[in-house]
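J.: Mind having a look at this structure? Questions to follow.
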Amino acid sequence: GAGVSQSPSNKVTEKGKDVELRCDPISGHTALYWYRQSLGQGLEFLIYFQGNSAPDKSGLPSDRFSAERTGGSVSTLTIQRTQQEDSAVYLCASSLWASSYEQYFGPGTRLTVT
Amino acid sequence: GQQLNQSPQSMFIQEGEDVSMNCTSSSIFNTWLWYKQDPGEGPVLLIALYKAGELTSNGRLTAQFGITRKDSFLNISASIPSDVGIYFCAGQLSGGAQKLVFGQGTRLTINP
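So the protein sequences, as listed, match chains B and Y. This note's numbering applies: residue 385 is where the first sequence begins, and numbers increase by one. This note's numbering applies: residue 1402 is where the second sequence begins, and numbers increase by one.
Laid out in structure tokens, this is it:
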């Protein structure tokens, strides 16, 4: 079966522009997670969805970051007025349900802000 | 925030050698997981541990959930070239938070 997919795989944008990153979780997975990975670093939690609601947004670094999930499936992470420090790989993961900690990751979107 | 201390940060070994890496924390975890990440890819789940003291194997990989619930180790036996990559530990904190906390990773390089 299909794994987690993310698009685009790479995004180069100018400072100040808005970007949207998309995640398609594994079919049937109810929980969805966004992480950020800076070069050579571990994964930094951003936000978690259970269904369409986001019980935990504690990792979003600023109000320029937002995410939504519709139909309990696809999720979009939006970064407004991008800054150079936003450059990173943005990873999406899904799990069968919220209490299952076995998260399956997509390949990530590499964002470069120039 | 909560942190996992993962060591070593990098390892350079000969093919065929055994590898050991670990993660420690001052916090108690309910679950430990180990992931491997290849360049340009997302992390892939290797082993999940759910009980203190649990020892689980997956082929040449063995991981243990420490009895204090504050640490875990991963061993790789008889390393092969495809073991190259970055290994991450991750844990779910006791207290109910759903998110995983990740270690900083161990970069494994193998000399043939």
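Note that the Cβ used here is the ideal one computed from N, Cα and C, for glycine as well.
Quick one: measure Cβ to Cβ for B:Tyr485 and Y:Thr1432, integer angstroms, because I've assumed they're closer than 8 angstroms.
T.: Taking C-beta atoms under 8 angstroms as the contact rule, B:Tyr485 and Y:Thr1432 qualify, at a distance of about 5 angstroms.
J.: Y:Gln1505: which of Y:Ile1414, Y:Glu1416, Y:Asp1419, Y:Gln1438 sits nearest, CA to CA?
T.: Here the closest residue by C-alpha is Y:Gln1438.
J.: Roughly how many angstroms separate the alpha carbons of B:Pro392 and B:Gly490, rounded to a whole number?
T.: 12 angstroms
J.: Taking a cut of 7 angstroms between CB atoms, which residues from the segment 465 to 489 of chain B lie near chain Y?
T.: Leu475, Ala482, Tyr485, Glu486, Gln487, Tyr488, Phe489
J.: Are Y:Ile1477 and Y:Leu1456 touching if we call contact CB-CB under 7 angstroms?
T.: No, these two residues do not count as a Cβ contact at 7 angstroms.
J.: Output needed for Y:Arg1470: all residues of its chain with C-beta closer than 6 angstroms, excluding positions within five of it in sequence on either side, in chain order.
T.: Ile1429, Phe1430, Ala1453
J.: Residues of the segment 388 to 417 of chain B with a CB closer than 9 angstroms to any CB of chain Y: list them in chain order, please.
T.: Val388, Gln390, Ser393, Ala415, Tyr417
J.: Between Y:Glu1455 and chain B, is any beta-carbon pair separated by less than 7 angstroms?
T.: Not one chain B Cβ lies under 7 angstroms of Y:Glu1455.
J.: How about the segment 463 to 479 of chain B and the segment 401 to 421 of chain B: do they share at least three Cβ pairs that are nearer than 8 angstroms?
T.: yes
J.: Starting from the beta carbon of Y:Lys1471, find every residue of chain B whose beta carbon is closer than 8 angstroms, and list them in chain order.
T.: What Y:Lys1471 touches in chain B: nothing, since even the nearest Cβ is about 17 angstroms away.
J.: By alpha-carbon positions, which one of Y:Asp1484, Y:Val1502, Y:Pro1440 ends up nearest to Y:Asn1406?
T.: Nearest C-alpha to Y:Asn1406: Y:Val1502.
J.: Thinking B:Thr462 and B:Val497 are a contact (beta carbons under 8 angstroms), I'd like their distance in whole angstroms, please.
T.: With 8 angstroms as the limit, B:Thr462 and B:Val497 do not qualify as a contact, their Cβ atoms being about 14 angstroms apart.
J.: Give the secondary structure of B:Ser450 by DSSP, where H, G and I count as helix, E and B as strand, and everything else as coil.
T.: strand
J.: Quick one: what's Y:Tyr1381 bridged to in DSSP?
T.: Residue coverage of chain Y in this structure runs from 1402 to 1513, which leaves residue 1381 of chain Y outside it and unanswerable.
J.: Do Y:Ile1414 and Y:Trp1435 have their C-beta atoms closer together than 7 angstroms?
T.: no
J.: Round the Cβ separation of Y:Phe1474 and Y:Met1422 to the nearest angstrom and send it over; I've been treating them as touching at under 8 angstroms.
T.: With 8 angstroms as the limit, Y:Phe1474 and Y:Met1422 qualify as a contact, their Cβ atoms being about 7 angstroms apart.
J.: Say whether chain Y places a C-beta atom closer than 7 angstroms to the C-beta of B:Pro445.
T.: no
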